[in-house]
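Okay, so the sequence shown: first residue is 135 according to our numbering, each after it adds one.
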Amino acid sequence: MSKRVLQGIVVSDACDKTVIVRVERRVMHPVYKKFITHSKKFAAHDEANRWHAGDAVRIEESRPISKRKHWIVLGAVEEGGGRRRPRVADADRAAAESGGETVAPAGGAV
């Protein structure tokens with residue numbers, strides 16, 4: 135039997151060798167026919183403490199590792215394949231590397 139593979143966003147990396155991954159799925163409401171986003175959090179094993187909050191990762195079902203940990207982190211989601219939310223630090227680093235300056239909002243005091 136094949137193992138389930140899910141992708142989600144790391145929301146917590148406070149524990150040693152464990153990350154909490156939020157997996158979102160969209161379902162249609164049976165009466166109102168609107169799409170609703172359901173999310174669920176999974177504890178996943180991260181042996182090297184490599185993943186941090188905000189990273190988009192793929193997790194795979196595994197044998198029970200502890201009381202509530204039954205998933206293993208496979209790796210990062212490929213670019214274009216998933217939704218990775220850029221961190222503010224990433225945007226600042228990109229601006230610094232390109233030599234660009236931050237632009238003040240129009241009409242506002244500097």
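Every residue gets a Cβ at the ideal spot worked out from N, C-alpha and C, and that includes glycine.
- In the DSSP assignment, Lys167 falls outside any beta strand (DSSP E) and carries neither an H nor an E.
- Scanning the stretch 168-205 for uninterrupted beta strand (DSSP E) segments of 3 residues or longer gives 169-179, 190-195, listed from N- to C-terminal end.
- Of the residues Val155, Ile170, Asp147, Val145, the one whose Cα lies closest to the Cα of Glu194 is Val155.
- The beta carbon of Glu181 sits closer than 7 angstroms to those of Lys151, all from its chain and outside the five residues before and after it, given in chain order.
- Residue pairing by DSSP places Ala210 opposite Val191 in a beta bridge.
- Around the Cβ of Ala148, a 10 Å sphere holds fewer than 16 other Cβ atoms; the residue is exposed.
- Across the structure, Val157 and Thr171 are spaced so that their CA atoms are roughly 10 angstroms apart.
- Under a 10 Å Cβ-count criterion, Arg159 is classified as exposed, with fewer than 16 other Cβ atoms of the shown protein chains found around its own Cβ.
- Going by DSSP, Met162 is part of the beta strand (DSSP E) stretching over 152-162.
- In this chain, Ser136 is not harboured by any beta strand (DSSP E), its DSSP state being neither H nor E.
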